[in-house]
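*Asks:* Take this structure, written in structure tokens, and hold onto it; I'll ask about it next.
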Amino acid sequence: MGSQGADLQAPALARADDTTTTQQQPKMPPPEKPSDILRRSYVVLSFWAIVLLLGLPIWWKTTSIYRASLPLDAMLQWADGKACRPVFPLQISIQADALPDAEAQHLVRLTQHALDDLNDFSGHHLRLRLAPKHVDGEAAALKAYDPDAALTIQLTPGDATTASLNPHTPVLDIAYPPNSVPSTNTASSALATYIANELRSTFAEEQTIISYLLSAASAGSPSPSASVARPAGLTPDMVEALSKRTTRSLRYSPSYHLTFSLFTPVSVPNTWDIDAAIREYVQPVLDILSQIHNFTIDTQVQLYATPGAQSQVLNKDDLASFINAAEWPLSPSIGGAPTVNFLTYIGNQTIGLDDTPERTSHSWMIPQWGTVYLLPLPDTTTHVGSDVLKQPMLTFAGHLLSLLGTPHSGSLPLRLSTLSRIRSADLLLRASSTLGSLARLSLALPSIPIPQSVADGVSKSMYHLEQACASLGGPEGLMHARKAEAEAETAFFEKSMVGQLYFPDEHKVAVYLPLLGPVGVPLIIGLVTELRNWIKKRKQRAQEAKEKKTE
């Protein structure tokens, strides 16, 4: 029995040993066929080929930012004042019918030399020319002037040397004693110096304003080497006065909308002869300004409560509560043009000047807004006639000139021609500054899109800037400067460019990571695995080759 038990236990122990060995050494999977390995490699490579050859080009094409080519160097040159040096060539016509041609020509030459010696502002080039003589005396009596000249000087004999500027035409009348006319062999003349001084004083305000615009543009330019011409006599007081004047003036626009309003605290007066008053007192000024601006007009009558200030003389503190344009029911602007408000308020108050009750006024001009006129009327007045509106309308016409930036000195035609040249310089400098800002924005933000419309606008703006720079001082200069400024503003405020400013690179990373993570990780792991297997096979082949050489 014992031997049989031992014999029976022996196979059982052997089977137990085999089971233990099997558990310690798990069975390995069969080796991969070379075709399966090659197929897996092709699958991984095909995915990467699709990503690199198809996915990346599509992604690059659909997400790339189009940036039209801009002439950045030329734009920066305009902004720095290197592309154009504003110069206003002004022709001055001299009418000297009483002088012989030789003496008149010599007087013009001496006056030109004296004027060049006095001129310390290279932006103004006053060029004198002798006008042809009138055939009859009637034309001279009518004060005929050269329409192509900025100013006509009428030289007439007299008892003393005097000068007076015609208030209705751009004509400077200068009387001279006959003995003051220089002979043809003299090198200097007191009369020539006198004429040069009069010309310099006539255009002094224009030179100061243009000089201020050029110096302000130079100060605002990031390049300190901007070549602009400005006189040395621009004092701090003059700069402060011109700064206030610029702040008060309206921004240039080819069109303005004028609103004439009658505000009354009670039910009467409820009618007024505003059409006749405008036609008689304001329309002449608008006709002259029509060469520079277009105007549309509307009128209204509004019932408005008594102002909070009850005193008869309003000071600056009272005006803060009385003049409240935000609450006045005024007509809005029509057609997008800036609105200039002229408001006539029926009331017995006056406005104190300089906090002194002795000095009062009935009008108050609000910068960049318009004018309020306090019109005292009897309580029984039900209708306001055009004769009563004469003073308010004349005040409105004068304030309109101030709001448009018209110079204060000189005759009205001369002031308007000066305004045209000032506006030309202002628009030219503003357009140049906008082009410079656009160029710097393009350089600072490489990811901002630049559509073709922006490039076209920049090209048009630079073309009109060149034309404006070549024709400064004339009506064509203003026209081209206005178009250049409009094209530059349109290009700078392109909607697609502004929207890209609010989509930085951090937003792109936040968008792509959730998409690229799940897709990219399996592709990268598969590629790394295949590379490892390839490297391992190369090492095995190298080892086998080495063993064969050893045998």
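Each residue of the sequence shown is one higher than the one before, counting from 1036 in the working numbering.
Backbone N, C-alpha and C fix where the C-beta goes; we use that ideal spot for every residue, glycine too.
For proline 1217, I'd like the list of residues in its chain whose CB is within less than 8 Å of its CB, leaving aside the five on either flank, ordered along the chain.
*Replies:* The count along the sequence shown starts at 1 and reaches residue 1217 at position 182. Around proline 1217: Glu1138, His1141, Leu1142, Leu1145, Ser1223, Ser1224, Leu1226, Ala1227.
*Asks:* From which residue to which residue does the alpha helix (DSSP H) around arginine 1450 run?
*Replies:* Here residue 1450 is taken as the residue at index 415 of the sequence shown, counted from 1. Unbroken alpha helix (DSSP H) run through arginine 1450: 1447-1479.
*Asks:* CA-CA distance, serine 1455 and leucine 1248?
*Replies:* For this step, residue 1455 is matched to residue 420 along the sequence shown. For this step, residue 1248 is matched to residue 213 along the sequence shown. Near 14 Å, if we compare the C-alpha coordinates of leucine 1248 and serine 1455.
*Asks:* Quick one, are the C-beta atoms of alanine 1239 and alanine 1149 less than 7 Å apart?
*Replies:* For the purposes of this step, residue 1239 is taken as residue 204 along the sequence shown, with counting starting at 1. For the purposes of this step, residue 1149 is taken as residue 114 along the sequence shown, with counting starting at 1. Cβ atoms of alanine 1239 and alanine 1149: not closer than 7 Å.
*Asks:* For glutamate 1589 and threonine 1585, what's the separation of their Cα atoms in angstroms?
*Replies:* The structure shown does not extend to residue 1589, since the chain spans only 1036 to 1586, so no value can be given for it.
*Asks:* Considering Cα atoms alone, identify which of Gln1147, Lys1571, Pro1448 is closest to leucine 1200.
*Replies:* Looking up residue 1200 in the sequence shown gives position 165. Among Gln1147, Lys1571, Pro1448, the Cα nearest to that of leucine 1200 belongs to Pro1448.
*Asks:* Could you give the DSSP three-state label for glutamine 1347: helix, strand or coil?
*Replies:* Residue mapping note: residue 1347 aligns to position 312 of the sequence shown, counting from 1. Coil.
*Asks:* What three-state label does DSSP hand glutamate 1582 in the structure shown?
*Replies:* Here residue 1582 corresponds to residue number 547 of the sequence shown, with the count starting at 1. Helix, per DSSP.
*Asks:* Please determine, among Gly1445, Pro1167, Arg1283, the residue with the shortest C-alpha to C-alpha distance to histidine 1203.
*Replies:* One-based indexing of the sequence shown puts residue 1203 at position 168. Ranking the options by Cα distance to histidine 1203, first place goes to Gly1445.
*Asks:* Drop a sphere of 10 angstroms on the beta-carbon of proline 1557, count the other beta-carbons inside from all chains shown, and report buried for 16 or more, exposed for fewer.
*Replies:* Walking along the sequence shown from the start, residue 1557 turns up at place 522. Classification for proline 1557: exposed.
*Asks:* If leucine 1125 and histidine 1160 are in contact, beta carbons under 8 Å, what's the gap, nearest whole angstrom?
*Replies:* Taking the first residue of the sequence shown as position 1, residue 1125 is located at position 90. Taking the first residue of the sequence shown as position 1, residue 1160 is located at position 125. The Cβ separation is near 7 Å, so the contact holds.
*Asks:* Taking all protein chains shown into account, do 16 or more other C-beta atoms lie within 10 angstroms of the C-beta of alanine 1312, making it buried, or fewer, making it exposed?
*Replies:* Here residue 1312 is taken as the residue at index 277 of the sequence shown, counted from 1. Buried, since its Cβ has 16 or more Cβ neighbours within 10 Å.
*Asks:* Label aspartate 1272 either buried or exposed according to how many other C-beta atoms from any shown protein chain fall within 10 Å of its C-beta, with 16 as the threshold for buried.
*Replies:* Sequence index remark: in the sequence shown, residue 1272 carries index 237 (1-based). The residue in question, aspartate 1272, is exposed, as its Cβ has fewer than 16 Cβ neighbours within 10 Å.
*Asks:* On the premise that alanine 1505 lies in contact with serine 1459, defined as a C-beta separation below 8 Å, what is that separation, rounded to the nearest angstrom?
*Replies:* Here residue 1459 refers to the residue found at position 424 when the sequence shown is read from its first residue. Here residue 1505 refers to the residue found at position 470 when the sequence shown is read from its first residue. Actually they do not touch by this definition, with Cβ atoms about 12 Å apart.
*Asks:* Less than 6 Å between the CB of phenylalanine 1431 and some heavy atom of the ligand FMN, yes or no?
*Replies:* Of ligands this structure carries none, so the ligand FMN is not represented either.
*Asks:* Helix, strand or coil: how does DSSP classify proline 1557 here?
*Replies:* The sequence position of residue 1557 within the sequence shown is 522, counting from 1. Here proline 1557 sits in helix by DSSP.
*Asks:* Do you know whose CA, among Pro1061, Trp1083, Ser1477, Met1063, lies nearest isoleucine 1559's CA?
*Replies:* Here residue 1559 is taken as the residue at index 524 of the sequence shown, counted from 1. Closest by alpha carbon: Trp1083.
*Asks:* Quick one: give me the first and last residue of the beta strand (DSSP E) that valine 1375 is part of.
*Replies:* The residue given as residue 1375 occupies position 340 in the sequence shown. 1374-1381 is the extent of the beta strand (DSSP E) around valine 1375.
*Asks:* Check whether the Cβ atoms of alanine 1466 and alanine 1519 sit closer than 7 Å, and answer yes or no.
*Replies:* In the sequence shown, the residue the question calls residue 1466 occupies position 431. In the sequence shown, the residue the question calls residue 1519 occupies position 484. For alanine 1466 and alanine 1519, yes; Cβs fall inside 7 Å.
*Asks:* Touching or not, the region 1330-1338 and the region 1408-1424, by the rule of three or more beta carbon pairs under 8 Å?
*Replies:* These segments do not touch.
*Asks:* Just list the residues that DSSP pairs glycine 1387 with in beta bridges.
*Replies:* Taking the sequence shown and counting its residues from 1, the one referred to as residue 1387 is at position 352. Bridge partners of glycine 1387: Thr1395.
*Asks:* From the DSSP output, in three-state form, read off glutamine 1403 for me.
*Replies:* By one-based count along the sequence shown, residue 1403 stands at place 368. Looking at glutamine 1403 - three-state DSSP - the assignment turns out to be coil, as it is neither helix nor strand.
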